[in-house]
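Residue numbering for the sequence shown follows our numbering, starting at -13 and increasing by one per position.
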Amino acid sequence: MQWPETALLAVASVHVAVVVYETDRVLRRPDTIDWYCSCISLCLLIWHACELVSRIRSQSKLLALASLEDVSCRSIGRWNVLDAVVIAIDLVNEVVALAMARMPWRLLLLALRVLRLLRPIRTLSLAHAFKGLQCRLSGAARAGACGAILLVVLLSVWSVIAVELLHPVNQSVAESGAYDDCQWCASAFGSVADASLTLMRHLVMGDGWGEVLLVLVKSHPWTAVIFF
């Protein structure tokens, strides 16, 4: 990792630490400010302003050569405008807070805190090492989305089977008094939605095996084929 990327990582880490500390500090003492935290935040704002100016200057040649209809050109300009607005509002809030010795606008401070956490993420995204991480995360997100869709489909199929095969068996087990201590166990497979929630809880999350599944398997061993 080269020194510009190391500097980006260091500044982003300090920025997140300041936001976390400031959030806890304001929660404990909402009407006062921490001078050290405010000074560090002000220094970070100055650094972000310098980084924004440097970024705009480095992109000026690209913007001059690119067509105004270029989508990437317009996207770069919008990001720069958004960063400039956030830095300006944050700077005004910090200056007013230092002048008044208290936080003037709590809701504005909350919004700025969220934007402060997003700004280091955008800053880190400029580093070469994090571009590869972004590609891997996007690939993992696509795989996770496909896996979630597959899980929903499989749960729906097995829920239909459970309603047809397990609900009558589960009702007979409930009538025998095995579910006296459980109010919802008798209707665990009463509908496709209930069966999906039951299978999700017991099979996917692994919670509460002894409430329904274990009772059914002990009473009717053939039901283990569905669960296992």
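Think of the CB as a built atom: it goes at the ideal place given N, C-alpha and C, for glycine as much as any other residue.
Residue j beta carbon less than 8 Å from that of residue i
i: leucine 202; j: threonine 209; result: yes
i: valine 216; j: alanine 181; result: Outside the displayed range of the chain (-13 to 214) lies residue 216, so it cannot be described from this structure.
i: serine 145; j: leucine 119; result: no
i: isoleucine 75; j: alanine 35; result: no
i: alanine 172; j: alanine 160; result: yes
i: aspartate 69; j: leucine 38; result: yes
i: glutamate 80; j: serine 40; result: no
i: tryptophan 21; j: valine -3; result: no
i: isoleucine 147; j: isoleucine 212; result: yes
Same chain only: Cβ atoms within 7 Å of residue i, ignoring 5 sequence neighbours per side
i: serine 177; result: Val149
i: valine 57; result: Caution is warranted here: a pLDDT of 47 is assigned to valine 57, below 50, making its placement in the model unreliable, and no coordinate value can be reported.
i: leucine 28; result: Glu80
Span of the alpha helix (DSSP H), counted from its first residue to its last, around residue i
i: aspartate 180; result: 178 to 185
i: leucine 189; result: Note, leucine 189: premise wrong, no alpha helix (DSSP H); not H, not E.
i: phenylalanine 175; result: Counting along the chain, phenylalanine 175 falls outside any alpha helix (DSSP H), and DSSP gives it neither H nor E.
i: phenylalanine 213; result: 210 to 213
i: valine 203; result: 199 to 205
Neighbourhood of residue i by C-beta, 8 Å cutoff - its chain only, sequence neighbours within 5 removed
i: tryptophan 195; result: His188
i: glutamine 142; result: Note on identity: in this sequence residue 142 is serine, with glutamine being the wrong assignment. Correct list, in chain order: Val178 and Ser182.
i: asparagine 66; result: Leu38, Arg41, Ile42 and Gln45
Close beta carbons around residue i, own chain, < 6 Å, minus the five adjacent residues each side
i: glutamate 55; result: Caution applies to glutamate 55, whose pLDDT of 48 falls short of 50 and renders its modelled position unreliable; the value that the coordinates give is listed next. There are no such residues.
i: histidine 206; result: Val155
i: glutamate 8; result: Cys23
i: leucine 152; result: Phe175
Legend entry - Every unbroken alpha helix (DSSP H) inside the segment 115 to 164 [4 residues or more]: Whole alpha helix (DSSP H) segments, 4+ residues: zero.
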